[in-house]
Amino acid sequence: MLIVISCINPSFAQVKNVEIIEAIPERNESKITLRIKAYDQNNKPVRDLQKENFNLTVCPPQIEPKTGKCQTLNPIDINWKIPLPAELPPAWVIVLLDFSGSMKQLDSSGEKTKLEGAIAAIRKFNQDLSDKGENTRISIVPFGKGGKNCPGNQVTKKELDNFVLAGNRKVEQSLKKLENQLDNLCAATDIYEPLRQAVKFFGNSEDTRFNRRPNSNLSQPRRSIILLSDGYHSIYGNRENEPELEAQDFEKLVFMLKSYPNITVHTLGYGLTPQQLQQKYDLEEPPTIRDISV
247 MLIVISCINP SFAQVKNVEI IEAIPERNES KITLRIKAYD QNNKPVRDLQ
297 KENFNLTVCP PQIEPKTGKC QTLNPIDINW KIPLPAELPP AWVIVLLDFS
347 GSMKQLDSSG EKTKLEGAIA AIRKFNQDLS DKGENTRISI VPFGKGGKNC
397 PGNQVTKKEL DNFVLAGNRK VEQSLKKLEN QLDNLCAATD IYEPLRQAVK
447 FFGNSEDTRF NRRPNSNLSQ PRRSIILLSD GYHSIYGNRE NEPELEAQDF
497 EKLVFMLKSY PNITVHTLGY GLTPQQLQQK YDLEEPPTIR DISV
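Numbering follows the numbering used here, in which position 5 of the sequence shown is assigned residue number 251; successive positions increment by one, without gaps.
Written out as structure tokens, the structure reads:
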């Protein structure tokens, strides 16, 4: 029986953490393939690492009596490979685009609306993926909670399951269609429910596009959700207990995300600049990221 629990220690100075994101045993060849990610001090991926930057240590499972010690493998026993973009596992990306009324406002540059800025970011993201030649499919999903005279944009399986290969002309067609709806934006910002629906959609174990069978030798697809919004959760109607309600919604989302650790959520915000926040709330100085927890 092959003991698989491993510890990877990069010797490269800029690496803070290394994560094993997938382990694929190949029983017929008595080997195991590990897919890893290395992160720097800012939790950003570190690129251009080489074989000599790593040590691979294999230890006995904790559930079994320790019959041996941990062993650092000889580099000649490790087949190191940096995959080309075309060789990476397929990627599925859901882009949740805030379609609330405030997205009609100008962004901090004063030259374009927040919606136009968000769509420009999606456009560049799509082009970058196309240039890399990766096998990535994108689904662009507008969201917003409607009201009495506002239809809103509900997020359901039908809206989520609308993937197009990055670089395909249909992506640009979708973006232009969304741009043409700028004057009709009226919804409130409902962040948590669209995120929950997207995570639930990706986490469906019966959908083999996103979740390989346990006995499959294929790598698990990469699944990501990108949230583009200019505001905070604003569906409670200014109730007195709004902070408590939002805290509950936030905790529910965190619990759900912990159940699907291989689904990555990225956020891109369109709000006030630090100087605008200072002026609006009469602060002594522009706020920084450190002030969030105060």
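No residue lacks a Cβ here, since even glycine has one placed at the ideal position from N, Cα and C.
(message) Whole angstroms are fine: how far does the CA of K391 sit from the CA of I251?
(response) Any reading at I251 must be qualified, since the residue scores a pLDDT of 42, below 50, and its modelled position is unreliable; no value is offered.
(request) Going by CA-CA distance only, name the one from K422, E362 and K277 that's closest to D476. (result) E362
(message) Can you find the residues in the same chain that come closer than 8 Å, C-beta to C-beta, to V401, ignoring five residues on each side of it along the sequence?
(response) L342, V387, F389, E439, P440, Q443 and A444
(request) With distances taken Cα to Cα, identify the nearest neighbour of K350 among L499, P329, C432 and Q522. (result) C432
(request) Please report how far the alpha carbon of P467 lies from the alpha carbon of G379, in whole angstroms. (result) 16 Å
(message) Taking the alpha helix (DSSP H) that E362 belongs to, which residues open and close that run?
(response) K360 to K378
(request) Assuming T510 and Y478 form a contact by the criterion Cβ under 8 Å, report the distance between their Cβ atoms to the nearest whole angstrom. (result) That pair is no contact at about 22 Å.
(request) Can you give me the start and stop residues for the alpha helix (DSSP H) that F448 sits inside? (result) Y438 to F448
(request) Could you tell me the distance, in whole angstroms, from the CA atom of Q419 to the CA atom of K283? (result) 34 Å
(message) Quick check on E272: buried or exposed, where buried means 16 or more other Cβ atoms within 10 Å of its Cβ?
(response) exposed
(message) Can you tell me whether P388 is helix, strand or coil according to DSSP?
(response) strand
(request) Evaluate the contact criterion for the stretch 328 to 341 versus the stretch 367 to 385: three or more CB pairs, one atom per stretch, below 8 Å. (result) yes
(message) Using only the alpha-carbon positions, how far apart do N372 and P306 sit?
(response) 44 Å
(request) State the Cα-Cα distance for the pair C396 and I437, rounded to the nearest angstrom. (result) 17 Å
(request) Scan the stretch 388 to 433 and note each continuous alpha helix (DSSP H) run of 4 residues or more that stays entirely inside, going in chain order. (result) 403 to 406 and 415 to 425
(message) For F409, tell me which candidate among G356, D429, R459 and A337 has the shortest Cα-Cα distance.
(response) A337
(message) Cutting at 6 Å between CB atoms, please list the residues of its own chain near S539, excluding the five before and the five after it.
(response) Residue placement at S539 is poorly supported in this model, since its pLDDT is 41, which falls under 50; the coordinates still yield a value, given next. Same-chain partners within the cutoff: there are none.
(message) Does the beta-carbon of K391, which I'm using as the reference point, lie nearer than 8 Å to any heavy atom of the ligand MN?
(response) In the structure on display, the ligand MN does not appear, and there are no ligands present to speak of.
(request) Could you check which residue in N288, V261, A269 and H512 has the C-alpha nearest to that of Q296? (result) V261
(message) Please give the ranges of any alpha helix (DSSP H) in the stretch 478 to 526, keeping only runs that are unbroken, at least 4 residues long and fully inside the region.
(response) 488 to 505 and 520 to 526
(message) Within the continuous beta strand (DSSP E) that includes S462, where are the two ends?
(response) No beta strand (DSSP E) contains S462, which DSSP labels as neither H nor E.
(request) Taking W326 as the reference, give the member of K360, I278, I340 and S355 with the closest Cα. (result) I278
(request) Quickly, what does DSSP pair E268 with across the bridge? List them, please. (result) R281
(request) Return the bridge partner residues of L473 from the DSSP annotation. (result) L342 and T513
(message) Let me check understanding here. Comparing Cα to Cα, which of N288, L302, I270 and S355 lies closest to N463?
(response) I270
(message) Please report the distance separating the alpha-carbon of C316 from that of I266.
(response) 18 Å
(request) Give a yes or no on whether the C-beta atoms belonging to A367 and I384 are separated by under 9 Å. (result) no
(request) Check the C-beta distance from L280 over to V304 and give it rounded, since I have them as a contact under 8 Å. (result) Actually they do not touch by this definition, with Cβ atoms about 11 Å apart.
(message) Quick check: the Cα distance between N541 and P335, rounded to an integer number of angstroms?
(response) For the chain, the structure presents residues 247 to 540; residue 541 sits outside this window and is missing.
(message) Would L474 and L514 be called neighbours here (beta carbons separated by less than 9 Å)?
(response) yes
(request) Measure the C-alpha to C-alpha separation of S451 and P460 and round it to an integer number of angstroms. (result) 10 Å
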